[in-house]
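In our numbering, the protein residues as written are 905 to 1148.
We put the CB at the ideal spot given by N, CA and C, even for glycine.
None of these values were measured; they are calculated from a predicted model.
The structure is reproduced here in structure tokens:
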């Protein structure tokens, strides 16, 4: 008598609901604000007004304003929360497949929050075109591992008609979830879903710096365009007119 077992690979499904928000890291914004205040205090009494930015000095001025808190200082630019579903099936047979002992199925549903950041110490490039600042920002990176909301996890098990408890199968699936989610977070399709929210966050970060430098105003800069390092050109909708 021959016995064989087939264990299917885990299947991963994403629920349609997806919430994406763009945000800049609080510590980076606070540190940048403090740095800007120090610059502003040095400028008090200077009748010449804010320093005029040019293509030759704007990148260096921006990089100098980025606070040096740690070597790993990151700017968080987006979060995405969605419900992920993972399913795994185990089928067992006897007599070279003639006798089917049934299939056990386990499933896990859990909300997951993905976070994305830009390493502030990677190269930046800022250029000027009339009243527009064109920003070439570093690559987007997923913050790993994604945050799994274990308090909201849902588990489902189905035991085959002549099978033992599917607990071991469920435990095996749960051990695979974090590696699968980390791989999914870095998937180009997932990155594309958050890219525009990230673009807005970077534009807001640069706008805040320009504002504190006295450069974001009528007659100064009024538009920011953001291009990421992995983009060959500016997207057609890259304009972010953030003037209040």
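Exercise. Quick one: is residue 1062 buried, meaning 16 or more other Cβ sit within 10 Å of its Cβ, or exposed?
Worked result: The count along the chain shown starts at 1 and reaches residue 1062 at position 158. Under this definition residue 1062 is an exposed residue.
Problem set entry | Euclidean distance between Cα positions of residue 968 and residue 991 | Looking up residue 968 in the chain shown gives position 64. Looking up residue 991 in the chain shown gives position 87. Rounded to the nearest angstrom, the two C-alpha atoms are 49 Å apart.
Problem set entry | Bridge partners - residue 1084, DSSP secondary structure assignment | Against the chain shown, residue 1084 aligns to sequence position 180. Per DSSP, none; premise fails for residue 1084.
For this session: Count the CB pairs spanning the segment 1126-1138 and the segment 1033-1052 that are closer than 8 Å, and state whether there are at least three.
Result: yes
Problem set entry | First through last residue of the beta strand (DSSP E) which encompasses residue 1063 | Sequence index remark: in the chain shown, residue 1063 carries index 159 (1-based). Residue 1063 -> no beta strand (DSSP E), and no H or E assigned at all.
Exercise. First and last residue of the alpha helix (DSSP H) that includes residue 1029?
Worked result: As a first step, residue 1029 is located in the chain shown; it is residue number 125 there, counting from the start. Looking at the DSSP string, residue 1029 is not in any alpha helix (DSSP H); the run it does join, the beta strand (DSSP E), is 1029-1033.
For this session: Would you kindly work out how many angstroms separate the C-alpha atoms of residue 1009 and residue 984, rounded to a whole number?
Result: Stepping through the chain shown from its first residue, residue 1009 is reached at position 105. Stepping through the chain shown from its first residue, residue 984 is reached at position 80. Answer to the nearest angstrom: the Cα atoms are 29 Å apart.
For this session: Would you mind working out which of 1073, 1044, 994, 1136 sits nearest residue 1094, comparing C-alpha positions?
Result: Translated into positions along the chain shown, residue 1094 becomes position 190. Considering only alpha carbons, the answer is 1044.
For this session: Could you pull out every residue in the same chain whose Cβ sits closer than 8 Å to the Cβ of residue 1053, ignoring the five residues on either side in sequence?
Result: Here the question's residue 1053 lines up with position 149 in the chain shown. Here the set comprises 1014, 1015, 1016, 1017.
Exercise. How is residue 1048 classed by DSSP in three states: helix, strand or coil?
Worked result: Here residue 1048 refers to the residue found at position 144 of the chain shown. Three-state DSSP puts residue 1048 in a strand.
Exercise. How close, in whole Å, do the beta carbons of residue 966 and residue 1030 come, if the pair is a contact with beta carbons under 8 Å?
Worked result: The count along the chain shown starts at 1 and reaches residue 966 at position 62. The count along the chain shown starts at 1 and reaches residue 1030 at position 126. Right, the Cβ-Cβ distance comes to about 5 Å (below 8 Å), so this counts as a contact.
Problem set entry | CA-to-CA distance, residue 993 to residue 1138, given in whole angstroms | As a first step, residue 1138 is located in the chain shown; it is residue number 234 there, counting from the start. As a first step, residue 993 is located in the chain shown; it is residue number 89 there, counting from the start. Approximately 45 Å between the Cα atoms of the pair.
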